[in-house]
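These protein sequence lines are chains Z and C, in that order.
Under my numbering, think of the first position of the first sequence as 102, with each following residue one higher.
Under my numbering, think of the first position of the second sequence as 1027, with each following residue one higher.
Don't be surprised by glycine CBs; every beta carbon is placed ideally from N, CA and C.
For clarity, every value in this text was computed on a predicted model and none was experimentally measured.
These notes are about the structure you will find just below.
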Amino acid sequence: EADIYQTPRYLVIGTGKKITLECSQTMGHDKMYWYQQDPGMELHLIHYSYGVNSTEKGDLSSESTVSRIRTEHFPLTLESARPSHTSQYLCASSENTGHEQFFGPGTRLTVL
Amino acid sequence: EDQVTQSPEALRLQEGESSSLNCSYTVSGLRGLFWYRQDPGKGPEFLFTLYSAGEEKEKERLKATLTKKESFLHITAPKPEDSATYLCAVRAAGNKLTFGGGTRVLVKP
Chain Z
102 EADIYQTPRY LVIGTGKKIT LECSQTMGHD KMYWYQQDPG MELHLIHYSY GVNSTEKGDL
162 SSESTVSRIR TEHFPLTLES ARPSHTSQYL CASSENTGHE QFFGPGTRLT VL
Chain C
1027 EDQVTQSPEA LRLQEGESSS LNCSYTVSGL RGLFWYRQDP GKGPEFLFTL YSAGEEKEKE
1087 RLKATLTKKE SFLHITAPKP EDSATYLCAV RAAGNKLTFG GGTRVLVKP
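In structure tokens:
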């Protein structure tokens, strides 16, 4: 079944650690996105990719980085996590920019 | 700058009590308005896409409508399982989605 997956679902780490949040989709979509969402707040776009080897920063400034080496895989990395990075991170994909985006279940990150 | 405002922020309904959620937007050249449902701790689930004023979409107890300045999500005879946060997003010329803050809906039996 075509779907979008995120791992881990929950992560609690200490300050200064390097982490990678995984996102994979089996829908064959070229477009992929990362959003950040604090509890009860709007989703904010932090990174997007329109295809392999294409990545762009979103509207919300983020210290994270992303890569797109394979169509189905769009990992997000924090080199040195800080408490201010505590949030929910949502990955999404779409067939085209004009089409609806489909979201993964999210990763809830807590940095102590 | 594209802006999306949803109201009310929260809505408490009795089972069977129909109501409407509002999504007001300010964009340069609307290229799509999207409604999503989000349950606690989960990613948003796609509901509808509307592209032009006058367009309507329906799914079970939900009906979305669109005008030139706003969209409504009507919930008819809601059930407790309709409890969720409903998100509205717009896509303008920049191809990126701008989300509103959502409306938290609680339907009590």
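- Item | Same chain, Cβ closer than 7 Å to C:S1097, neighbours up to 5 away in sequence not counted | Position 71 of the second sequence, counted from the start, is the residue given in the question as residue 1097 of chain C. Closer than 7 Å at Cβ, skipping near neighbours: C1049, L1059, L1076, A1090, T1091, C1114.
- Item | Paired residues, beta bridge with C:F1098 - DSSP | Within the second sequence, numbered from 1, the residue matching residue 1098 of chain C stands at position 72. DSSP, once it has assigned bridges, lists C:N1048, C:T1091 as partnering C:F1098.
- Query: From Z:T116 to Z:P184, what distance separates their C-alpha atoms?
  - Reply: Locating residue 116 of chain Z in the first sequence gives position 15, where the first residue counts as 1. Locating residue 184 of chain Z in the first sequence gives position 83, where the first residue counts as 1. Z:T116 and Z:P184: Cα-Cα distance of roughly 7 Å.
- Message: Would C:T1075 pass as an interface residue toward chain Z - the criterion being a Cβ-Cβ separation below 8 Å?
- Response: By one-based count along the second sequence, residue 1075 of chain C stands at place 49. Yes, because at least one Cβ of chain Z sits closer than 8 Å to the Cβ of C:T1075.
- Check C:E1107 in the structure and name its three-state DSSP category. Translated into positions along the second sequence, residue 1107 of chain C becomes position 81. Note: C:E1107 maps to helix in three-state DSSP.
- Message: Please confirm whether Z:F203 has its beta-carbon closer than 8 Å to some beta-carbon of chain C.
- Response: One-based indexing of the first sequence puts residue 203 of chain Z at position 102. Closer than 8 Å: yes.
- Query: Checking contacts by CB at 8 Å: is Z:M128 closer than that to chain C?
  - Reply: Along the first sequence, read from residue 1 onward, the residue named residue 128 of chain Z stands at position 27. So no, Z:M128 is outside the interface.
- Item | Cβ separation of Z:T208 and Z:L112, assumed to be a contact under 8 Å, to the nearest whole Å | Within the first sequence, the letter at position 107 stands for residue 208 of chain Z. Within the first sequence, the letter at position 11 stands for residue 112 of chain Z. Right, their Cβ atoms sit about 6 Å apart.
- Message: Excluding the 5 residues flanking Z:I151 on each side, which residues of the same chain have their C-beta closer than 7 Å to its C-beta?
- Response: The count along the first sequence starts at 1 and reaches residue 151 of chain Z at position 50. Looking at the sequence shown, residue 151 of chain Z is not Ile but Tyr. Counting only Cβ-Cβ distances below 7 Å, and skipping sequence neighbours, we find D131, K132.
- Item | Z:N154 to C:A1119 span [Cα, whole Å] | Position 53 of the first sequence, counting from 1, holds the residue named residue 154 of chain Z. Position 93 of the second sequence, counting from 1, holds the residue named residue 1119 of chain C. So the two alpha carbons sit approximately 23 Å from each other.
- Item | Exposed unless 16 or more other CB atoms sit within 10 angstroms - verdict on C:S1054 | For the purposes of this step, residue 1054 of chain C is taken as the residue at position 28 of the second sequence. Counting Cβ neighbours within 10 Å, C:S1054 comes out exposed, since fewer than 16 surround it.
- Query: Expressed to the nearest angstrom, what Euclidean distance is found between the alpha-carbon atoms of Z:H174 and Z:D160?
  - Reply: The count along the first sequence starts at 1 and reaches residue 174 of chain Z at position 73. The count along the first sequence starts at 1 and reaches residue 160 of chain Z at position 59. C-alpha separation (whole angstroms): 22 Å.
- Query: Can you list, in chain order, the stretches of the beta strand (DSSP E) that have 3 or more residues and sit fully within the stretch 130 to 169 of chain Z?
  - Reply: 132 to 138, 144 to 152, 155 to 158
- Message: Strictly below 9 Å CB to CB, what residues from chain Z border C:F1072?
- Response: Within the second sequence, residue 1072 of chain C is the residue found at index 46, counting from 1. Near C:F1072 (Cβ distances below 9 Å), the residues of chain Z are E201, Q202, F203, F204.
- Query: Along chain C, in chain order, which residues have C-beta atoms closer than 9 Å to that of Z:M133?
  - Reply: Numbered from 1 along the first sequence, position 32 holds the residue referred to as residue 133 of chain Z. In chain order: nothing, as chain C lies at least about 13 Å away.
- Test: C:F1060 CB closer than 8 Å to a CB of chain Z: Against the second sequence, residue 1060 of chain C aligns to sequence position 34. Closer than 8 Å: yes.
- Query: The beta strand (DSSP E) spanning Z:L210 covers which residue range?
  - Reply: As a position in the first sequence, residue 210 of chain Z is number 109, starting the count at 1. 208 to 212 is the extent of the beta strand (DSSP E) around Z:L210.
- Are C:A1079 and C:K1068 closer than 8 Å when you measure CB to CB? Position 53 of the second sequence, counted from the start, is the residue given in the question as residue 1079 of chain C. Position 42 of the second sequence, counted from the start, is the residue given in the question as residue 1068 of chain C. Not in contact: C:A1079 and C:K1068 (Cβ atoms no closer than 8 Å).
- Query: For the stretch 163 to 202 of chain Z, which segments carrying the beta strand (DSSP E) assignment without a break, of at least 3 residues, lie completely within its bounds, in sequence order?
  - Reply: 177 to 179, 188 to 195
- Whole-Å CB distance - C:Q1044 paired with C:I1101, under 8 Å assumed: By 1-based counting over the second sequence, the position of residue 1044 of chain C is 18. By 1-based counting over the second sequence, the position of residue 1101 of chain C is 75. A small fix is needed here, since residue 1044 of chain C is Ser in this sequence, not Gln. Right, their Cβ atoms sit about 6 Å apart.
- Item | Whole-angstrom distance between Z:Y190 and Z:H148, CA atom to CA atom | Residue mapping note: residue 148 of chain Z aligns to position 47 of the first sequence, counting from 1. Residue mapping note: residue 190 of chain Z aligns to position 89 of the first sequence, counting from 1. Cα to Cα, Z:H148 sits roughly 11 Å from Z:Y190.
- C:A1103 classed as buried or exposed, judged by whether at least 16 other C-beta atoms fall within 10 angstroms: Taking the second sequence and counting its residues from 1, the one referred to as residue 1103 of chain C is at position 77. Exposed: under 16 other Cβ atoms inside 10 Å.
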